[in-house]
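Trainee: Here it is, the structure, as structure tokens.
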Amino acid sequence: MDALQQIIQSLNKEEVRYFKIYLSRISVKGERKDAQLFDLIRSDEKSFSNDKAAAKLHYAEMNAFYRLKNRLQEDICDAIALLHSSKVEANSLFREMMLFETFQAKGNLQLSVYFLKRAEKLATTTENLEVLDWIYSNYIKLSSDYPEIKPEIYIEKQKENALHLNRLRTIDQALATVIYRLKTAQTFGQKPTALLQMLNKSVKEFSRDNFLDSSKIFQTRLYRAVSQQLLQTHNYFQLEKYMLNTISVFETKQWFDKNNHDVKLQMRVYLTNVLFRNEKYEESLAEADKLGREILEYGKTNYSKYVFYYYNALYINYAKTDLNKAIKALDELDKVMKGMKNSYYEQFILLNKSTLFFELKKYNDAIRQLVRLYINDSYKNASPIFKLKISVAELIMQYESADLKAFKNKLEQVRKDFDLVLRKREGVRDKDFLKILELLSEDNLLVNKYYNRFIKKYKNSNEGNELLNYEKWLYLKFEDK
């Protein structure tokens with residue numbers, strides 16, 4: 044697919060409509076071949092052929108056809124540039140710069156200065172320091188022909204702008220170097236100080252006057268870049284060390300305030316979750332406690348955004364250490380989220396409470412959570428395979444509750460409701476498991492055969508995203524036999 048095809052296929056409805064209007068600015072007799080070619084490319088994305096298109100448009104010479112393609116591409120680019128010239132601040136800025144160049148080339152000094160001032164205003168508003176440097180240079184050049192421009196003013200502005208620009212470039216260069224070294228280094232391993240040593244060394248290479256060390260802007264951008272890279276590479280050991288150090292630095296330098304409170308809460312969430320991931324549950328709970336207090340600060344400005352993370356931190360840690368406290372955390376989350384009317388959170392709470400009650404062997408309570416889930420909006424809109432997993436989990440709970448009548452009724456209903464899914468490849472695992480469940484409920488001697496076949500079949504499988512893991516549950520059942 045060449046550039047013209049890619050451009051045309053990328054156009055949205057508004058852009059297509061605008062281009063058609065743009066073409067109609069010049070009237071021609073008969074059908075426009077450029078419009079015909081545009082429609083051909085747009086309607087035939089996968090099998091478009093230059094030869095077929097040229098023949099359809101009655102071009103005997105391919106060179107003439109390629110000239111049509113080039114002209115069409117330029118017209119589309121002009122139309123799209125015109126459409127978006129005022130939609131994005133950067134485009135508006137470049138428009139003013141273009142008008143400055145145009146009137147300067149015409150020798151109209153007054154208008155060129157007029158558009159240069161407009162460009163300066165936009166560049167200042169958007170903090171586009173590179174363009175400001177270009178603007179100040181042009182003011183200085185024009186000062187010899189335009190007495191109203193005092194060069195000293197713009198020389199000072201350019202000097203001051205250069206300082207800011209150099210610092211921003213230093214930040215960008217340092218960040219690029221850090222991320223590159225993070226991606227390519229293979230030596231961090233489990234050495235606690237390896238990452239911090241690399242970061243400190245990289246920063247010093249770009250900042251002899253300690254500017255980067257004392258720059259809150261740089262350290263914030265560094266935190267975002269490094270934390271994302273460590274998350275993407277699942278380097279939780281180094282992420283824990285890095286987050287502990289970063290929060291400590293920000294607190295020591297008193298960089299946290301109302302303006303970056305969101306950043307502080309995000310850091311706290313990262314640290315809380317990575318401590319949990321590293322199985323440091325008590326430390327994770329301690330950080331969660333801090334998070335719970337911090338979301339109340341500054342008039343609860345960020346409360347609604349982070350309250351879920353707070354209760355989720357309590358839940359995941361207590362799910363490993365104290366199941367009853369985990370249920371209590373979900374109950375408290377339920378009360379908080381009721382006012383927000385978000386069906387996703389309700390689904391999250393009901394699903395996790397059902398598994399906690401199941402682990403506590405409170406099977407009827409576990410089933411009640413799933414019954415409530417079935418009327419939840421998020422559940423109603425969920426995929427059939429997800430709904431099947433939930434129904435199979437309820438079947439396991441029915442089996443464990445020893446209510447065989449309810450179990451058999453539910454089994455029959457599941458097979459009926461999910462007949463189509465169970466026939467597909469994605470439902471084969473669930474279908475095999477349902478057969479074992481049925482044999483278990485009947486005390487059928489064939490169950491061992493089906494169990495061994497199931498374990499062998501799915502031993503190296505990546506499947507198993509069930510609410511209650513099939514293999515683990517079966518292992519416990521057959522371990523007792």
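Position in the sequence shown counted from 1, then plus 43, gives you this note's numbering. Just so you know, even glycine gets a beta-carbon here, dropped at the ideal spot from N, CA and C.
How is LYS63 classed by DSSP in three states: helix, strand or coil?
Mentor: Looking at LYS63 - three-state DSSP - the assignment turns out to be helix.
Trainee: Near ILE51, what residues of its chain come up, given a Cβ to Cβ distance below 6 Å and the 5 sequence neighbours on each side ignored?
Mentor: Closer than 6 Å at the Cβ level, and outside the excluded window around ILE51, lie ILE84 and ARG85.
Trainee: So what's SER434 in DSSP terms, helix, strand or just coil?
Mentor: Reduced to three states, the DSSP call for SER434 is helix.
Trainee: Run the CB neighbour count on ASP82, radius 10 Å, all protein chains shown included, and call it buried at 16 or more, exposed below.
Mentor: exposed
Trainee: Check this for me: beta carbons of ILE428 and TRP516, under 8 Å apart or not?
Mentor: At least 8 Å separates the beta-carbon of ILE428 from that of TRP516.
Trainee: Nearest to GLU402 by CA position, among GLU173, ILE370 and LYS500, is which residue?
Mentor: ILE370
Trainee: Can you name, in chain order, every residue of its own chain whose Cβ lies under 6 Å from the Cβ of ASN419, other than the five neighbours on each side?
Mentor: SER386, GLU389 and GLN390
Trainee: Taking 8 Å as the limit between beta carbons, can you name the residues of its chain near GLN229, skipping five residues before and five after?
Mentor: Residue placement at GLN229 is flagged as unreliable, the pLDDT there being 49, under the threshold of 50; the coordinate-derived value follows with that caveat. So no residue of the chain qualifies.
Trainee: Would the C-beta of GLU469 count as close to the ligand ZN, meaning under 7 Å from any of its heavy atoms?
Mentor: With respect to the ligand ZN, the structure offers nothing, as it holds no ligand at all.
Trainee: Going residue by residue through the region 274-312, where are the continuous alpha helix (DSSP H) segments of at least 4 residues, counting only ones entirely within it?
Mentor: Counting only runs of 4+ residues, the alpha helix (DSSP H) found wholly inside the region 274-312 occupies 279-295, in chain order.
Trainee: Can you tell me the Cα-Cα spacing of TYR528 and TYR182, whole angstroms?
Mentor: Past the edges of the chain, shown from 44 to 524, lies residue 528, and the structure says nothing about it.
Trainee: First and last residue of the alpha helix (DSSP H) that includes SER347?
Mentor: 346-364
Trainee: Just curious, the alpha helix (DSSP H) that MET105 is in, first and last residue?
Mentor: 105-126
Trainee: Count the CB pairs spanning the region 303-311 and the region 282-292 that are closer than 8 Å, and state whether there are at least three.
Mentor: yes
Trainee: Return helix, strand or coil for ARG68, following the three-state DSSP convention.
Mentor: coil
Trainee: Using the Cβ count rule (16 or more neighbours within 10 Å means buried), how would you classify ASP473?
Mentor: So ASP473 ends up on the buried side.
Trainee: Cβ atoms of LEU80 and ALA103: under 8 Å apart, would you say?
Mentor: no
Trainee: Taking Cβ positions, are GLN354 and GLU375 nearer each other than 8 Å?
Mentor: This sequence places Tyr at residue 354; Gln is not what is there. Cβ distance < 8 Å, so TYR354 and GLU375 count as in contact.
Trainee: Suppose you measure from the CA of TYR501 to the CA of ILE392; what does that come to, to the nearest Å?
Mentor: 30 Å
Trainee: If you scan the region 375-443 from start to end, which runs of the alpha helix (DSSP H) of 4 or more residues do you find wholly inside it?
Mentor: The DSSP assignment places 386-402, 406-416, 420-423 and 427-443 as complete runs of the alpha helix (DSSP H) inside the region 375-443, in order along the chain (cut-off: 4 residues).
Trainee: Can you check which of these residues, ILE290, TYR341, PHE261 and VAL317, is closest to GLN281 by C-alpha distance?
Mentor: VAL317
Trainee: Determine the direct distance from the alpha carbon of ARG60 to that of ASN171, and round the result to whole angstroms.
Mentor: One C-alpha to the other measures close to 32 Å.
Trainee: Any chance the region 445-462 sits against the region 479-499, with 3 or more Cβ pairs inside 8 Å?
Mentor: yes
Trainee: Return the CA-CA distance between ASN360 and GLU337, expressed in angstroms with no decimal places.
Mentor: 19 Å
Trainee: Determine contact between the region 196-212 and the region 145-160, defined as no fewer than three beta-carbon pairs at a distance below 8 Å.
Mentor: Touching, no, given that fewer than three Cβ pairs across the two stretches are closer than 8 Å.
Trainee: For TYR182, does the three-state DSSP call read helix, strand or coil?
Mentor: helix
Trainee: For ALA217 versus SER245, is the C-beta spacing smaller than 8 Å?
Mentor: yes
Trainee: For VAL414, count neighbouring Cβ atoms within 10 angstroms of its own Cβ and tell me buried if that reaches 16, exposed if not.
Mentor: Under this definition VAL414 is an exposed residue.
Trainee: Once the 5 residues before and after LEU126 are set aside, which same chain residues still bring their CB inside 7 Å of it?
Mentor: Setting aside the 5 residues that flank it on each side, LEU126 is surrounded in the same chain by GLU58 and TYR61, each with a C-beta closer than 7 Å to its C-beta; the list follows chain order.
Trainee: Quick one: what does DSSP say HIS207 is sitting in, helix, strand or coil?
Mentor: Reduced to three states, the DSSP call for HIS207 is helix.
Trainee: Assuming VAL306 and THR263 form a contact by the criterion Cβ under 8 Å, report the distance between their Cβ atoms to the nearest whole angstrom.
Mentor: 6 Å
Trainee: Assign PRO194 to one of three DSSP states: helix, strand, or coil.
Mentor: helix
Trainee: Only counting the same chain, and skipping five residues up and downstream in sequence, which positions put a Cβ closer than 6 Å to that of GLU163?
Mentor: Excluding positions up to five away in sequence, the list reads ILE178.
Trainee: For LYS378, which of TYR417, LEU447 and VAL350 has the nearest alpha-carbon?
Mentor: VAL350
Trainee: Return the chain-ordered list of same chain residues with a C-beta closer than 7 Å to the C-beta of LEU136, the five sequence neighbours on each side being excluded.
Mentor: ALA162, LEU165, ALA166, THR169, ASN171 and VAL174
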